[in-house]
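FYI, in mature numbering (1 follows the signal peptide of the UniProt record, and there is no 0) the residues of the sequence shown are -21 to -1, 1 to 318.
Idealized CB from N, CA, C, for every residue including glycine.
Quantities reported herein were computed from a predicted structural model and do not represent experimental measurements.
For reference, the structure discussed in these notes is given below.
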Amino acid sequence: MEVKLLLAVSTLLVHASLALCQRVTVKKGQTLHLSCPIANAHKTNVEWKNPKGNIMFFNRNRALKDKRYRIDRLSASEFSISVSNVTFKDGGNYTCTHYDHHTTERKVEVTVLGHPMMKVVEHEGKLVIKCTAEGNHHPPQISWQMDRGPEVLAHAQVSHEDRKYVSMAMLHVHPVEKRVTVKCLVRHPALLSPPLMNFVKIGPDWSSDDSRMQAGREGRPSLLVFLVTCLIFCLLVVVLFFAIKLRRAHVAWKRENEDTDQSEESSKSKSSQEERSSKEQGRRGLSNMAFTQYVAEKPTGIMSKTGPVSATESANKEHTSQPQPQTLQQSSAIKETEL
């Protein structure tokens, strides 16, 4: 009987060890990746469940409408998923169940840790430095370090809130003559890497604004994102402004070209009209032109009291003495007749 009981207990322990075979630690805000090795996935069924016991995926079908859940890979030997932007509520045991001839479960214990947050205030002439750390399953352990000095374990106050432990420690520091870096180191059983660290700098020229600027690496990414967003917005405004200016210049240029074309067309039409009118006037002048015919008539005899001889002699005298008047006399004898 005892042998059977021992065998049953050992079998349960083996199954438990096989069921809980993986531990994953992730920081708050990062992406969680989960992998489940399987066999003959195309002939069997496999599913993923979250810590609340809700089915996330059944084969390739999404059971929950959470957009953070995503299938990374589903092949004949692996079913891997991911959860983006994790929070402390995502911490816990995830279960991968493979339905074959016998059901196989694989669990993944997920621990979400928050980056330590620091705050410095001045109280009664002293500086009070506060460090807060959050994590799943176990309370984080906090310690202090001044510059490169020894590490001092802090007496933290621990509280439990909705799947997470919150550790808070305070350090009272007298005013110092030179600038000192105060570090807050956070350790956790699920953290295999070096401890999480945050720091502030205090000194003679310390101010609360300075501490807020220097304290917290967690605040730096958000500030960087804000600055990048502002820069992108400013660039978009500048591009939009230049686009509007370019559009207006293009419209003005188009209107100017249209006015120029219209003036050229009007000048061309005016010149062509003037040319036509001049041609018409020329044709009318040719049609209305009067032709003149010059007819030469014989001069009549000059009658005088002395008779024809005296007239002839006088005519000869005039011919010999004044040739030009003769020409004029002959030209005057020409009679103009209009055809």
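Same chain, Cβ closer than 8 Å to residue i, neighbours up to 5 away in sequence not counted
{"i": "Asp126", "result": "Val159 and Thr160"}
{"i": "Asn33", "result": "Ala42 and Leu43"}
Length of the line joining the Cα atoms of residue i and residue j
{"i": "Asn72", "j": "Ala148", "result": "29 Å"}
{"i": "His117", "j": "Lys109", "result": "20 Å"}
{"i": "residue 322", "j": "Val131", "result": "As shown, the chain starts at -21 and ends at 318. That puts residue 322 outside it, with no answer to give."}
{"i": "Val87", "j": "Asp45", "result": "20 Å"}
{"i": "Leu175", "j": "Glu101", "result": "25 Å"}
{"i": "Glu156", "j": "Glu103", "result": "18 Å"}
{"i": "Thr4", "j": "Lys224", "result": "54 Å"}
{"i": "Arg196", "j": "Pro95", "result": "Bear in mind that a pLDDT of 45 at Arg196, under 50, signals an unreliable position, so the number given afterwards is only what the model happens to contain. If I take the Cα positions, the gap works out to 9 Å."}
{"i": "Ser172", "j": "Phe221", "result": "51 Å"}
{"i": "Asp51", "j": "Ser61", "result": "7 Å"}
{"i": "Leu215", "j": "Phe205", "result": "15 Å"}
{"i": "residue 322", "j": "Cys213", "result": "The chain is shown only over -21 to 318; residue 322 falls outside these bounds and no answer can be derived."}
{"i": "Gln1", "j": "Leu210", "result": "43 Å"}
{"i": "Ser257", "j": "Arg226", "result": "46 Å"}
Supposed contact pair residue j and residue i - C-beta distance, whole angstroms, cut 8 Å
{"i": "Ser63", "j": "Thr10", "result": "5 Å"}
{"i": "Lys105", "j": "Val152", "result": "7 Å"}
{"i": "Pro119", "j": "Arg166", "result": "7 Å"}
{"i": "residue 343", "j": "Leu164", "result": "Not covered by the structure: residue 343. The range shown for the chain is -21 to 318."}
{"i": "Cys75", "j": "Val25", "result": "7 Å"}
{"i": "Val91", "j": "Asn115", "result": "5 Å"}
Buried or exposed (CB count within 10 angstroms, at least 16 for buried), residue i
{"i": "Ala18", "result": "exposed"}
{"i": "Asp141", "result": "exposed"}
{"i": "Lys162", "result": "buried"}
{"i": "Met35", "result": "buried"}
{"i": "Val65", "result": "buried"}
{"i": "Ala312", "result": "Low confidence applies here, because Ala312 scores a pLDDT of 45, under 50, leaving its location unreliable and the question unanswered by this model."}
{"i": "Val207", "result": "exposed"}
{"i": "Trp27", "result": "buried"}
{"i": "Val218", "result": "exposed"}
{"i": "Pro77", "result": "The sequence as given places His at residue 77; Pro does not occur at that position. Under this definition His77 is a buried residue."}
{"i": "Pro278", "result": "Caution is warranted here: a pLDDT of 49 is assigned to Pro278, below 50, making its placement in the model unreliable, and no coordinate value can be reported."}
{"i": "Val230", "result": "exposed"}
{"i": "Asn236", "result": "exposed"}
Contacts around residue i, its chain only, beta-carbon distance under 6 Å, and the 5 residues preceding and following it disregarded
{"i": "Gly93", "result": "Lys7 and Glu113"}
{"i": "Pro30", "result": "Gly71 and Asn72"}
Nonlocal neighbours in the same chain, by C-beta distance under 7 Å from residue i, ignoring five residues either side
{"i": "Ser14", "result": "Glu57 and Ser59"}
{"i": "Leu53", "result": "Ala20 and Arg39"}
Exercise. Which runs of the beta strand (DSSP E) spanning at least 3 residues fall entirely within the stretch 43 to 85, listed in chain order?
Worked result: Correct list: 48 to 53, 57 to 62 and 71 to 78.
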